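**Student:** Please see the structure below; I have some questions.
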Amino acid sequence: GDPSVHRIQCECCRKVIYTQTRNRKYCSFQTCGHRMLNLRKSLKKRIERGAYTCPCCGEQFLPIRADARYCSNACRQKDYRKRKVTAHASL
2 GDPSVHRIQC ECCRKVIYTQ TRNRKYCSFQ TCGHRMLNLR KSLKKRIERG AYTCPCCGEQ
62 FLPIRADARY CSNACRQKDY RKRKVTAHAS L
């Protein structure tokens, strides 16, 4: 019943918390706060790297890793098998 207590949901884990602080977003900054901070940083880096084109299927994708060349593990494996067959056939 106290009007100074606000009921909010944690932006990360959606746990309901009660607080007197107006700008609180997370149930715990040590866990959820750091998790969301790292998520925002990684998304920003992915956008800065820009879209790559998969050499196997030609699809545009935002790479999760800086050294990613393929859009998925399936395309990576498919291209590897194709390279092995062509290398074996040229011998």
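One rule links them: number in our numbering = place in the sequence shown (from 1) + 1.
Ideal placement from N, C-alpha and C gives every residue a C-beta, glycine not left out.
All values derive from a computational prediction rather than experimental measurement.
1) With which residues is Q10 paired in a DSSP beta bridge?
2) Just verifying my parser: in three-state terms, what is the DSSP assignment at T22?
3) Is the region 24-32 touching the region 6-16, taking contact as three or more C-beta pairs under 8 Å?
4) DSSP three-state label for Y81, please.
5) Might you give, ordered along the chain, the residues of its own chain that have their beta carbon closer than 7 Å to the beta carbon of V17, omitting 5 neighbours on each side?
6) Can you list, in chain order, the residues of its chain whose CB lies under 6 Å from that of G34, leaving out five sequence neighbours each side?
**Tutor:** Quick answer:
1) V17
2) In the structure shown, T22 sits in coil (DSSP, three-state: anything other than H, G, I, E or B).
3) yes
4) It is helical.
5) Closer than 7 Å at Cβ, skipping near neighbours: R8 and Q10.
6) Y27
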